[in-house]
Amino acid sequence: MRSPSDAVDRPDLTQPPAAAPRRRLSLAALPAYAAAVESACLSLGAIAVALLLFGVFVALGGHDPIAVYKALYVGGFGTRFSIEGTLTQASPIILTALCTAVPARVGLLVIGGEGALVLGGLAAVLCATAVAAAPGPIGALVALLGGVCVGALWIAAVGALKHWRGVNETISSLLLNYIAIAIFNHLISGPVRDFSQTLKATSWTVPPAFGIGSMPGWSVHWGLVVGVSLCLVLFVVLRYTTVGFSMDILGGNRRAAQVAGLPIGRLLILACVIGGGAAGLAGAIEVLAVHGAASESLIVGFGYTGILVAFLARQNPLAVIPVAVLVGGISASGGLLQRRFGMPDATTQVLQGLIFLCVLASNAFAGRIAGVSRST
Amino acid sequence: MTDAHGIGWLGIVLAIVGGALRVSTPYLYVSLGEVLTEKSGRVNLGLEGVLLMGAMSGFAAGSLTGSPWLGVLAAGVAGGLLGLLHAAICNLPHVNDIAVGIALFLFGMGLAFYLGKPFIAPRAAMLPALPFGFWSSEPAVRAALEISPLFLIGIVLAIVLRWALANTRWGLLLRMAGESADAARALGYSVNTIRTLATMCGGFLGGIGGAFLSLYYPGNWNEALSSGQGLMAIALVIFARWNPLRCLYASLLFGGASALGPALQTVGITAGYYLWSAAPYVLTLALLIYSSSTRHTLAGAPSELSISR
Numbered sequence: 008m009r010s011p012s013d014a015v016d017r018p019d020l021t022q023p024p025a026a027a028p029r030r031r032l033s034l035a036a037l038p039a040y041a042a043a044v045e046s047a048c049l050s051l052g053a054i055a056v057a058l059l060l061f062g063v064f065v066a067l068g069g070h071d072p073i074a075v076y077k078a079l080y081v082g083g084f085g086t087r088f089s090i091e092g093t094l095t096q097a098s099p100i101i102l103t104a105l106c107t108a109v110p111a112r113v114g115l116l117v118i119g120g121e122g123a124l125v126l127g128g129l130a131a132v133l134c135a136t137a138v139a140a141a142p143g144p145i146g147a148l149v150a151l152l153g154g155v156c157v158g159a160l161w162i163a164a165v166g167a168l169k170h171w172r173g174v175n176e177t178i179s180s181l182l183l184n185y186i187a188i189a190i191f192n193h194l195i196s197g198p199v200r201d202f203s204q205t206l207k208a209t210s211w212t213v214p215p216a217f218g219i220g221s222m223p224g225w226s227v228h229w230g231l232v233v234g235v236s237l238c239l240v241l242f243v244v245l246r247y248t249t250v251g252f253s254m255d256i257l258g259g260n261r262r263a264a265q266v267a268g269l270p271i272g273r274l275l276i277l278a279c280v281i282g283g284g285a286a287g288l289a290g291a292i293e294v295l296a297v298h299g300a301a302s303e304s305l306i307v308g309f310g311y312t313g314i315l316v317a318f319l320a321r322q323n324p325l326a327v328i329p330v331a332v333l334v335g336g337i338s339a340s341g342g343l344l345q346r347r348f349g350m351p352d353a354t355t356q357v358l359q360g361l362i363f364l365c366v367l368a369s370n371a372f373a374g375r376i377a378g379v380s381r382s383t
Numbered sequence: 002m003t004d005a006h007g008i009g010w011l012g013i014v015l016a017i018v019g020g021a022l023r024v025s026t027p028y029l030y031v032s033l034g035e036v037l038t039e040k041s042g043r044v045n046l047g048l049e050g051v052l053l054m055g056a057m058s059g060f061a062a063g064s065l066t067g068s069p070w071l072g073v074l075a076a077g078v079a080g081g082l083l084g085l086l087h088a089a090i091c092n093l094p095h096v097n098d099i100a101v102g103i104a105l106f107l108f109g110m111g112l113a114f115y116l117g118k119p120f121i122a123p124r125a126a127m128l129p130a131l132p133f134g135f136w137s138s139e140p141a142v143r144a145a146l147e148i149s150p151l152f153l154i155g156i157v158l159a160i161v162l163r164w165a166l167a168n169t170r171w172g173l174l175l176r177m178a179g180e181s182a183d184a185a186r187a188l189g190y191s192v193n194t195i196r197t198l199a200t201m202c203g204g205f206l207g208g209i210g211g212a213f214l215s216l217y218y219p220g221n222w223n224e225a226l227s228s229g230q231g232l233m234a235i236a237l238v239i240f241a242r243w244n245p246l247r248c249l250y251a252s253l254l255f256g257g258a259s260a261l262g263p264a265l266q267t268v269g270i271t272a273g274y275y276l277w278s279a280a281p282y283v284l285t286l287a288l289l290i291y292s293s294s295t296r297h298t299l300a301g302a303p304s305e306l307s308i309s310r
């Protein structure tokens, strides 16, 4: 590397060093934090723009936008009751968001959270039935593990197909959602159906002893704590361990990962297993804590909302928590909007869609604010 | 079992053929729309939202004006506008078109359900059906061969698109934007403009596919109208290897596969109804697994496409 001209450029050590140019104290000096601050600013800005557009939208429909904003706040966060509703909504969304966020770290855009959630819920019912005689906590644990395993396997298939056959992961996970829902509907309307429930097709009921209860003093089930803990653990693991670092390398530059000799296949599948396991867990918790059985009420789009949350959180497990609470709040306020203004229940879907579009558009400004390079 | 319902097993075949002819039309339109978009180098995963908006606008315009054909036009325009939204966001730097598609899916669905709420009750004027089964006295044959004019237009469109992509200046430009954006830029064309127009045309066709659902079959507007036909567009296009003419065959095949479950139900076979309904998805996944490779991109895929890289 050294060339003769290097000698010429070498500083003359006999002279006192010239005063170093004063470094401007900027966010760019702290790249990791700058990126985080910038992401947060972009996401908040996108939400603000989306709310503004939403205000225009409802004003066009003849409603007072300020009153609608207030109702959004009151319905999501205004009272203790609404906060409980919000957190109950947020609990599965936190987990399904991980199904997109974790594979995104290795560069996969997986949208199969809905399928993994649905099958996870079904697996929880089957496992609970298999060990119906077990004591409560053990039975619940078995049911939850069953959900995790099925969800993990379901999304692992996506990663495996990508790695060994080059099948596009977005499309395969999308197709698997439909296949999962078909399997789910097939089983709950026949082989595992509880025929005493005539109103709608419902699976066998989980033994009540296995149910997940509420936290003391709150009508929010423990599933929320599970989701939040998983996010915290994943944040630490992805950020401070070798595995997490390897995943980031792979996600950032596949060639670099290859050259560094990283086990690409294993990393891809591990990320899918974690994500799918989280979504499967979401389904199992919904069954054990909310519904008590697997039925259509499990297919309400938590998986798709999770994709929105993952993008809004910019694939960061820590940011998933507040974002899921925010989005859960928007969903939870739908009822109030419906009652107070007679708005359709799809109103909150419109707002969520607007937020999603604005967040993606805000990516165009990434790296321009703090002067750091784009992370995703 | 065979003679329980008059014409027996022939009834199943007829039900599948009739179902394929009916169900395949939305598939045909969304896949033709998606081919146009993808040939220009972008993926629009949001055609499900476009389809639903098209279905809602078509039904609304149809019931307000009394003319189903104005409904079809309104559906196309609504779809084209959503396509424009997709393209406008994708034209920004650093934006992932697949993610925008997912967002468009959620947004279009929410918007359609929001705006379509007042129209759930009334009925609109339906599109007419052409009785191609007039020669038969068998009602099942007549029912199976009732064909929507939209289907015939779709067939013509597939042939025209196939020809235009291969033989016209516009087709060449579109393919150039999809195969090599640099080449298009070097010749002084704006890749973003080409892709915007392609996505808008794709949205227009997707919207018409939705109008078929709300104005012909099943012929009403409700929130459970679509069963994912729009999402299937992307799979259909891979199945058809980016060829509009093959989109026609693929749509018929998928329509037939979707009609399997209901057809078997007509002769009393209800077991596995839901599993049969997953047949198109399993078919596509199997084909994807078979034709994908880690070494080369899918045959026929435009090379600028994010899913083929």
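Which chain is which? The protein sequence lines are Z and G, in order. Heads up: the first sequence begins at 8 in the numbering used here, then just goes up one per residue. Heads up: the second sequence begins at 2 in the numbering used here, then just goes up one per residue. Note that CB positions come from ideal geometry on N, CA and C, so glycine has one too. Values in this document were obtained by computation on a predicted structure and should not be read as measured data.
Using only CA atoms, which one of Z/I219, Z/V63, Z/G153 lies nearest to Z/A285?
Z/G153
Whole-angstrom distance between G/G34 and G/L198, CA atom to CA atom
12 angstroms
Can you tell me the Cα-Cα spacing of Z/F202 and G/F114, whole angstroms?
33 angstroms
With a threshold of 7 angstroms on Cβ separation, who are the neighbours of Z/L364 within its own chain once the five nearest residues in sequence on each side are excluded?
none
By the 9 angstroms beta-carbon criterion, what residues does the region 299–320 of chain Z contribute toward chain G?
G308, Y311, T312, I314, L315, F318
For Z/T107 and Z/N323, what's the separation of their Cα atoms in angstroms?
10 angstroms
G/Y115 versus chain Z: which residues are under 7 angstroms apart at the beta carbon?
P351, A353, T354, V357
Sequence-distant residues of its chain with Cβ nearer than 8 angstroms to G/Y275 (five each side left out)
G262
Which residues in the same chain have their Cβ closer than 8 angstroms to the Cβ of Z/Q386, if we skip the five residues on either side of it in sequence?
Absent from the structure is residue 386 of chain Z, since the part of chain Z shown begins at 8 and ends at 383.
So what does Z/T212 bridge to, in DSSP terms?
Z/A300
With a threshold of 8 angstroms between beta-carbons, can Z/R31 be considered close to chain G, or not?
In this prediction, Z/R31 has a pLDDT of 49, which is less than 50 and means its spatial position is unreliable; nothing more can be read from the coordinates.
Classify G/H297: buried if its beta carbon has 16 or more other beta carbons within 10 angstroms, exposed otherwise.
exposed
Is there at least one Cβ from chain Z nearer than 8 angstroms to G/S252's Cβ?
no
Looking at the C-beta of Z/G360, does it have a partner C-beta in chain G at a distance below 8 angstroms?
yes
Any residues in the region 144–176 of chain Z with a beta carbon nearer than 8 angstroms to a beta carbon of chain G? Which ones, in chain order?
L168, H170, W171, R172, G173, V174, N175
Find the nearest neighbour of Z/V332 within the set Z/V63, Z/N260, Z/L49, Z/I101, judged by alpha-carbon distance.
Z/I101
Which runs of the beta strand (DSSP E), 3 residues or longer, sit entirely within the region 223–298 of chain G?
none
Quick test of your reading: G/T200 and G/G84, contact by CB under 8 angstroms. State the CB separation rounded to the nearest angstrom.
4 angstroms
Name the chain G residues whose beta carbon is nearer than 7 angstroms to that of Z/Y185?
G229, A279, Y282
Is it the case that the region 142–160 of chain G contacts the region 198–217 of chain G, given that we only count it when at least three CB pairs across the two stretches are under 8 angstroms?
yes
Residues of the region 319–343 of chain Z whose Cβ lies closer than 7 angstroms to any Cβ of chain G, in chain order
none
Interface partners of Z/N370 on chain G, CB under 9 angstroms
L93, P94, H95, V96, N97, A100
Note the first and the last residue of the continuous alpha helix (DSSP H) segment covering G/R196.
192–216
Can you list, in chain order, the residues of its chain with a C-beta nearer than 7 angstroms to that of G/A264? Leave out the 5 residues immediately preceding and following it.
I13, A16, I17, G20
Contiguous alpha helix (DSSP H) assignments of at least 4 residues, all confined to the region 65–105 of chain G
69–91
What alpha helix (DSSP H) runs, 4 residues minimum, are completely inside the region 105–149 of chain Z?
120–137
Using a Cβ-Cβ cut-off of 8 angstroms, state whether G/A236 counts as contacting chain Z.
yes
List the DSSP bridge partners of Z/R200.
Z/S210
To be precise: take each residue of the region 28–47 of chain G, compare its Cβ to all Cβ atoms of chain Z, and keep it if any distance is under 8 angstroms. Which residues remain?
L46
Please check if any C-beta of chain Z sits within less than 8 angstroms of the C-beta of G/Y275.
yes
Among the candidates G/V51, G/S32, G/L93, G/L112, whose CA atom is the shortest distance from the CA of Z/V357?
G/L112
Classify Z/W161 as buried or exposed, calling it buried when 16 or more other Cβ atoms lie within 10 Å of its own Cβ.
buried
Taking Cβ to Cβ, would you say Z/A371 is nearer than 8 angstroms to Z/V155?
no
Do Z/L182 and G/T285 come within 8 angstroms of each other at the CB atom, strictly closer than that value?
yes
Any residues in the region 284–303 of chain G with a beta carbon nearer than 8 angstroms to a beta carbon of chain Z? Which ones, in chain order?
T285, L286, L289, I290, S293, S294, T295, R296
For chain G, is any of its Cβ atoms less than 8 angstroms away from the one on Z/F84?
no
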